[in-house]
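Undergrad: If you read the protein sequences in the order shown, they are chains A and B. According to the UniProt record's numbering, the residues represented by the first sequence are 1 to 269, in order. According to the UniProt record's numbering, the residues represented by the second sequence are 1 to 339, in order. All C-beta atoms in this analysis are idealised placements derived from N, C-alpha and C, irrespective of residue type, glycine included. These figures come from a predicted structure and were not determined experimentally. Please see the structure below; I have some questions.
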Amino acid sequence: MMRKRKIDPLLLIGLIIIAGSLFLAIFGSSLAPYDPQEPVGDFSMPPSADHWFGTDGSGLDVFSRVLAAPRVDVAIAVTAAIVSAVLGTGVGLYAGYFTGRISEIVMRISDILQSFPVFILAMVLVTLTGRNVVNLIFVLAFLYTPIFVRLTRSEVVTQRTRTYVEAARATGNSEFQIATRHVLRNSLAPSLVQLSVTVGFGILLTSGLSFVGAGVRPPTPEWGIMIASGAPNIILNEWWTSIFPGIAISITVFGYAAAGNAIERWARK
Amino acid sequence: MRRYVLRRLAVGVLQALGITIAVFFVIRALPADPVSRIVGMNPTEDSIRQARHALGLDMSLFQQLLTFLGFHGNGVFTGSLGTSWVSGSTVLSEIAITLPTTIQLIITSFIVALLVAIPIGMATARRPGGKLDKGVFGYGLFAGAQPEFWWGLIFIFVFYFKMGIAPAPLGMLDPMLTAPDAVTNFVLIDSLIAGDFTAFKSALGHLVLPVLTLSFLLVGPLLKMTQQSMSRVLSSEFILYQQASGLEKKSIGRSTLRSALAPIITLTGILFGFMLSGAVLVESVFSLNGLGQYAVAAVLNLDFPAVQGVILVISVISLFVYLGLDLLLAKIDPRILVK
């Protein structure tokens, strides 16, 4: 029977925002009207026709910086999320499918990792390894991997006893083939949802770390740095330096959360 | 029951110790040099050696760990977290000052968030699909992931700068006031002990915006959880039976809430643990001088004893919070203890 297919509006909003954020991550700095790291002359100017979002305390064009920042924020979060999803799904598949001592150890390690205070651990790791983009990606990927391990493992454990696994075994597939071809494919849904959500959290963590001075270094165009640089002046009515990058974070993170939520609803059907 | 608590405590203490030892090794294995921060520019070899000796970094890693744990004098096992490399005071005394501010902020925020989330969640669970229901869904999704430090700034801009109804975001007390004698280091409690109601009111006023910021975000997930949990219980058979038996609406509501409480409590515990380190950003925005800000300073100054101390303290607190909430869960649903 044909049913009229209606696209989930939440999915649509999420995908549009995600597409926009990825587009800016690639082309953002080319679209920027000014160099995001070169002062344009006038300090702390309110939004005008020349500088749509105004200029900050060092004379940088806020609009250009907001456009250029996804290359740092979104790129870090997306890369870290993908790395941790691939790694975590692999480890989770192994730990769920082949139970044994190694799986036990893996689960205990991810238990301990998950009970760390995330923000402080991230701060420690990034500061001590050196505050740059590559280290941030490594640290975020490391911190987010246990979630994917746990999600995939618990899904694999329920899939392992299904009849299709038995059927695959009966037709002569090796255990490795069953795990990677059949079980993995049926266990991906939770990780897919988590992937989208993790990108959002990655953006929050990246910008939060630089907000307290433990992330990438200024004058890199990065939303958290921009908010921090405008924070002391917001009570002097210089609101534009902090407000615009914050709106950018707010919308972007909401987009990834919305898409994740929509995928989850769709997968549950 | 007692065996359950003891076993949990034993496992938890081992876990906290494991975390601390892991942190101990990780911060020493990573390529950062705390000595260079202390000796300054162009140090002589002699001053470097002296600094390394003073910090105990010239010992072998294993000896450093033994010292930290308390095998040579005071250490973790004797209730000492060492001395800060930056300020020279004991880490424990610094945590004793900063931790209460954070706890005060988090607990107040949770009280506000739960007082908002539970009634609204209950109301929307009764009428699924309604306007309020959709609004709650959207809000839960939105507030589930937002830059809290930015929202804090927005609230400062609106309520302090524009409307002038909130105090300046500079600490816990009005700068003109003298702080009440420190007894517990919880400003709210200390001012009450001192009978200083001006200070109490000032502290309460300074808490409004940080609490608004945190609870604005906390309400999201709590609301979603209340709603889900309530609607699941409402559609269960024992509620149907109660309704069929003609029980009063009020008493049905009460037993629904009781059964729906478990997942809400669990979520509260998880969020609480998360907030202990997650409150860092809000503390910085409002310059509250809490544990989070102490942790930031410790990390940026490469003050290893302080970093270790903060992480150990946070792990231990989360441990007790989780345990306390599990006991509360067991009180509501004794079946948990059988497992």
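Do A/Phe-201 and B/Ala-145 have their CB atoms nearer than 9 Å?
TA: In contact: A/Phe-201 and B/Ala-145 (Cβ atoms closer than 9 Å).
Undergrad: Are the Cβ atoms of residue 344 of chain B and B/Thr-108 separated by less than 9 Å?
TA: Because residue 344 of chain B is not part of the residues shown, which for chain B are 1 to 339, the question remains open.
Undergrad: Please decide whether A/Val-197 counts as near chain B, where near means a Cβ-Cβ distance under 9 Å.
TA: Closer than 9 Å to some Cβ of chain B, the Cβ of A/Val-197 qualifies, so yes.
Undergrad: Three-state secondary structure (DSSP) at A/Asp-35?
TA: DSSP places A/Asp-35 in coil when its eight states are reduced to three.
Undergrad: In this structure, how does DSSP classify A/Thr-220 when only helix, strand and coil are distinguished?
TA: A/Thr-220: coil per DSSP, three-state reduction.
Undergrad: By how many angstroms is the C-alpha of B/Phe-25 removed from the C-alpha of A/Ile-105?
TA: About 20 Å.
Undergrad: Among the candidates A/Leu-31, A/Pro-232, A/Ile-16 and A/Arg-71, whose CA atom is the shortest distance from the CA of B/Phe-161?
TA: If we check each option's Cα against that of B/Phe-161, A/Pro-232 comes out closest.
Undergrad: Chain B beta carbons: is any one of them nearer than 9 Å to that of A/Met-1?
TA: Only weak support exists for where A/Met-1 lies, its pLDDT of 45 falling under 50; the coordinates are left without a value.
Undergrad: Per DSSP, what kind of secondary structure is A/Asp-73 in: helix, strand or coil?
TA: Reduced to three states, the DSSP call for A/Asp-73 is helix.
Undergrad: Taking just the CA atoms, how far does B/Met-1 sit from A/Met-1?
TA: Low confidence applies to A/Met-1: its pLDDT is 45, below 50, so where it sits in the model is not reliable, and the reading given next is rough at best. Going from the Cα of A/Met-1 to the Cα of B/Met-1 covers about 57 Å.
Undergrad: Measure from the alpha carbon of B/Leu-234 to the alpha carbon of each residue in B/Arg-126, B/Val-299, B/Gly-269 and B/Lys-224, then state which is nearest.
TA: With distances taken between Cα atoms, B/Leu-234 lies closest to B/Arg-126.
Undergrad: Please name the residues in the stretch 220-232 of chain B whose beta-carbon is closer than 9 Å to at least one beta-carbon of chain A, in chain order.
TA: So nothing in the stretch comes that close.
Undergrad: In this structure, what does DSSP give as the bridge partners for A/Asp-61?
TA: Paired residues: A/Thr-55.
Undergrad: If we count the other Cβ atoms within 10 Å of its Cβ and call it buried at 16 or more, is B/Pro-128 buried or exposed?
TA: Exposed: under 16 other Cβ atoms inside 10 Å.
Undergrad: What runs of the alpha helix (DSSP H), each 4 residues or longer, lie entirely inside the stretch 68-155 of chain A?
TA: DSSP runs (the alpha helix (DSSP H)) wholly in the stretch 68-155 of chain A: 73-97, 101-114 and 118-129.
Undergrad: Interface residues of chain A around B/Ala-145 at Cβ under 9 Å?
TA: Here the neighbours are Val-197, Gly-200, Phe-201, Ile-203, Leu-204, Val-253, Phe-254, Tyr-256 and Ala-257.
Undergrad: Would you kindly check if the distance between the Cβ of A/Leu-143 and the Cβ of A/Leu-113 is under 9 Å?
TA: In contact: A/Leu-113 and A/Leu-143 (Cβ atoms closer than 9 Å).
Undergrad: Output needed for A/Leu-195: all residues of its chain with C-beta closer than 6 Å, excluding positions within five of it in sequence on either side, in chain order.
TA: Taken in chain order, the residues that qualify are Ala-81 and Ala-85.
Undergrad: Would you mind reading off the limits of the alpha helix (DSSP H) that contains B/Pro-210?
TA: B/Pro-210 -> alpha helix (DSSP H) spans 197-234.
Undergrad: Let me see if you follow: with CB-CB separation under 9 Å, is A/Leu-121 close to chain B or not?
TA: Output row for A/Leu-121: interface = yes.
Undergrad: By the DSSP assignment, the alpha helix (DSSP H) with B/Phe-286 in it spans what residues?
TA: No alpha helix (DSSP H) holds B/Phe-286; DSSP gives it neither H nor E.
Undergrad: Which of the three DSSP states is assigned to B/Thr-83 in this structure?
TA: B/Thr-83: strand per DSSP, three-state reduction.
Undergrad: Any C-beta of chain A sitting closer than 9 Å to the C-beta of B/Ala-54?
TA: Chain A, which has no Cβ nearer than 9 Å to the Cβ of B/Ala-54, makes this no.
Undergrad: Compare the Cα-Cα distances from A/Leu-121 to each of B/Leu-312, B/Leu-192 and B/Phe-159 and report the closest residue.
TA: Checked all of B/Leu-312, B/Leu-192 and B/Phe-159; the closest Cα to A/Leu-121 is B/Leu-312.
Undergrad: State yes or no: is the C-beta of residue 392 of chain B within less than 9 Å of the C-beta of B/Gln-15?
TA: Because chain B here runs from 1 to 339, residue 392 of chain B falls outside it and cannot be looked at.
Undergrad: Short check: CB of B/Phe-159 to CB of B/Ala-168, under 9 Å?
TA: No. Outside cutoff.
Undergrad: Distance cutoff 9 Å, beta carbons only. Does B/Ala-22 sit that close to anything in chain A?
TA: Output row for B/Ala-22: interface = yes.
Undergrad: Using C-beta distances below 7 Å, list every residue in its chain close to A/Pro-70, excluding the 5 sequence neighbours before and after it, in chain order.
TA: Excluding positions up to five away in sequence, the list reads Ser-21, Leu-24, Ala-25 and Gly-28.
Undergrad: Please classify A/Pro-33: is it buried, with 16 or more other beta-carbons within 10 angstroms of its beta-carbon, or exposed?
TA: When all chains shown are included, A/Pro-33 counts as exposed.
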